[in-house]
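Just so you know, we're using the numbering used here here: the sequence shown kicks off at 9 and counts up by one.
The beta-carbon is built from N, C-alpha and C at its ideal position, and this holds for glycine as well.
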Amino acid sequence: GIGKVGVLTQYKPLELHNYLGTGSAWDLDRKGGGVFILPPYAREKGADWYRGTADAIYQNINFVDITEPDYVLILSGDHIYTMDYSLMLDAHKKNHADATIGVFEVPWDEAPRFGIMNTDANGKIEEFEEKPANPKSNLASMGIYIFSKDVLKKYLEEDAANDNSSHDFGKDIIPKMLNDGLNLQSYAFEGYWKDVGTIESLWQANMDLIQDEPPFELQGEWRIYSSNPSLPPQYIGPDATVNKSMINEGSMILGEVSHSVVFSSVKVGKGAVVRNSVILPGTVIEDGAVVDYAIIAHNCKITANAKVQGEPGAISVVAEGETV
Numbered sequence: 009g010i011g012k013v014g015v016l017t018q019y020k021p022l023e024l025h026n027y028l029g030t031g032s033a034w035d036l037d038r039k040g041g042g043v044f045i046l047p048p049y050a051r052e053k054g055a056d057w058y059r060g061t062a063d064a065i066y067q068n069i070n071f072v073d074i075t076e077p078d079y080v081l082i083l084s085g086d087h088i089y090t091m092d093y094s095l096m097l098d099a100h101k102k103n104h105a106d107a108t109i110g111v112f113e114v115p116w117d118e119a120p121r122f123g124i125m126n127t128d129a130n131g132k133i134e135e136f137e138e139k140p141a142n143p144k145s146n147l148a149s150m151g152i153y154i155f156s157k158d159v160l161k162k163y164l165e166e167d168a169a170n171d172n173s174s175h176d177f178g179k180d181i182i183p184k185m186l187n188d189g190l191n192l193q194s195y196a197f198e199g200y201w202k203d204v205g206t207i208e209s210l211w212q213a214n215m216d217l218i219q220d221e222p223p224f225e226l227q228g229e230w231r232i233y234s235s236n237p238s239l240p241p242q243y244i245g246p247d248a249t250v251n252k253s254m255i256n257e258g259s260m261i262l263g264e265v266s267h268s269v270v271f272s273s274v275k276v277g278k279g280a281v282v283r284n285s286v287i288l289p290g291t292v293i294e295d296g297a298v299v300d301y302a303i304i305a306h307n308c309k310i311t312a313n314a315k316v317q318g319e320p321g322a323i324s325v326v327a328e329g330e331t332v
């Protein structure tokens, strides 16, 4: 299994730090290995914030050196999926690859959002282009990389010394490896995968959970572990109606909730209506309010009889702590 995990944080990291804690929810609170929080820091040469995805790893290369791995698995933090990484590592070893990239076929209209590659019949990567305006393929990088450690370190050091680089894996490291003739392999993934880097995709990923046959099954073989706080059961009032929704612990529903995901410690008042929406923890939706096609962030207040109305393709968003 994976015994050592480094989590690279930067913008507003407190909530993530609190969520991870000691890593006990994932059996990573251990004496040997465990989870390590790796924020950017001011070094003697003046570097501070991560300049790109590759620079984030480079600034923490000492963490990689200390753990002495043969292989390094690098993951993006805004993707939803379940994968057995050991199978990808087996393929990496079998192909004697310098790097292996997880790939997934995306709809053609979404391809410009991703790093896109062309491969030969055996899965060897022949061409890679980051977020092309006119993609030649719809085979997208999943932001999942396995590198042989010495190869990774060499290319990170070269990239750090290049003032013209954007210090990004997709824009700089992978193209340089291809140009140098290294053996880059793809690993095709056929399960559920969602990049939640946009408002629309984040909303859709939550809606996927409440389909009649969810493509991402929370109750399936792969358990999702979490460090959620201990809360009382959710309460559904005698006059409330809940249809095709997920209601988390600690929430109180006195109105109507339909086709929505309601996180913990949310209150939906009498006569209030929540449809096609994602309601994050601690939010209060007062009596008579209407929320439709929306994402309501943490600790918001939707006042009595107020209306938050979005539509498909134009999801309405209320920022954390706001009152409407």
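First through last residue of the beta strand (DSSP E) which encompasses residue i
| i | result |
| --- | --- |
| Ala107 | 107-113 |
| Gln212 | Where Gln212 is concerned, there is no enclosing beta strand (DSSP E), although the alpha helix (DSSP H) it sits in stretches over 207-216. |
| Glu137 | 133-138 |
| His87 | 87-89 |
| Leu343 | A question about residue 343 goes unanswered here, because the residues of the chain that appear run from 9 up to 332. |
| Glu264 | 264-266 |
| Ala302 | 302-304 |
| Tyr27 | No beta strand (DSSP E) holds Tyr27; the alpha helix (DSSP H) holding it covers 22-28. |
| Val334 | Summary: the structure shown does not reach residue 334, with the chain confined to residues 9 through 332, and so no result is reported for it. |
Under 9 Å between C-beta atoms of residue i and residue j
| i | j | result |
| --- | --- | --- |
| Asn267 | Asn284 | The question names Asn, but residue 267 in the sequence shown is His. Yes. |
| Val269 | Asn214 | yes |
| Ile182 | Gly123 | yes |
| Ile82 | Tyr153 | yes |
| Leu8 | Phe136 | The chain is shown from 9 up to 332; residue 8 falls before or after that span and cannot be answered. |
| Leu28 | Val43 | yes |
| Val299 | Val281 | yes |
| Lys179 | Glu134 | no |
| Ala297 | Gly277 | yes |
| Val250 | Val274 | no |
Minimum Cβ-Cβ distance from residue i to chain C less than 9 Å
| i | result |
| --- | --- |
| Thr61 | Going by chain labels, chain C is absent from the structure shown, which holds only one protein chain. |
Proximal residues to residue i (C-beta, below 6 Å), its chain only, five neighbours per side dropped
| i | result |
| --- | --- |
| Leu160 | Val80 |
| Asn142 | none |
| Val15 | Ile45 |
| Ala196 | Val111 |
| Thr331 | Lys309 |
| Ser324 | Ala302, Val316, Gly318 |
| His100 | Thr108, Ile154 |
| Gly205 | Asp86 |
Proximal residues to residue i (C-beta, below 7 Å), its chain only, five neighbours per side dropped
| i | result |
| --- | --- |
| Thr61 | Asp176, Phe177 |
| Phe271 | Asn256, Ile287, Leu288, Pro289 |
Exposure of residue i, with buried meaning 16 or more beta-carbon neighbours within 10 Å
| i | result |
| --- | --- |
| Leu22 | exposed |
| Tyr19 | exposed |
| Ser149 | buried |
| Trp57 | exposed |
| Ser156 | buried |
| Tyr243 | exposed |
| Ile74 | exposed |
| Gln193 | buried |
| Asp171 | exposed |
| Gly329 | exposed |
| Asp147 | This sequence places Leu at residue 147; Asp is not what is there. It counts as buried. |
Enclosing alpha helix (DSSP H) for residue i [first to last residue]
| i | result |
| --- | --- |
| Asp37 | Run containing Asp37: none; DSSP gives neither H nor E here. |
| Ala99 | 93-102 |
| Glu198 | That residue, Glu198, is in no alpha helix (DSSP H); it is neither H nor E in DSSP. |
| Asn251 | That residue, Asn251, is in no alpha helix (DSSP H); its beta strand (DSSP E) goes 249-251. |
| Val332 | Unbroken run through Val332: none, as it is neither H nor E. |
Cβ neighbours of residue i in the same chain (closer than 8 Å, five flanking residues each side left out)
| i | result |
| --- | --- |
| Ser209 | Lys202, Asp203 |
| Leu164 | Ala62, Ile65, Tyr66, Ile69, Ile181 |
| Arg59 | Ser174, His175 |
Identified DSSP bridge partners for residue i
| i | result |
| --- | --- |
| Gly123 | Glu138 |
| Met260 | Tyr243, Lys275 |
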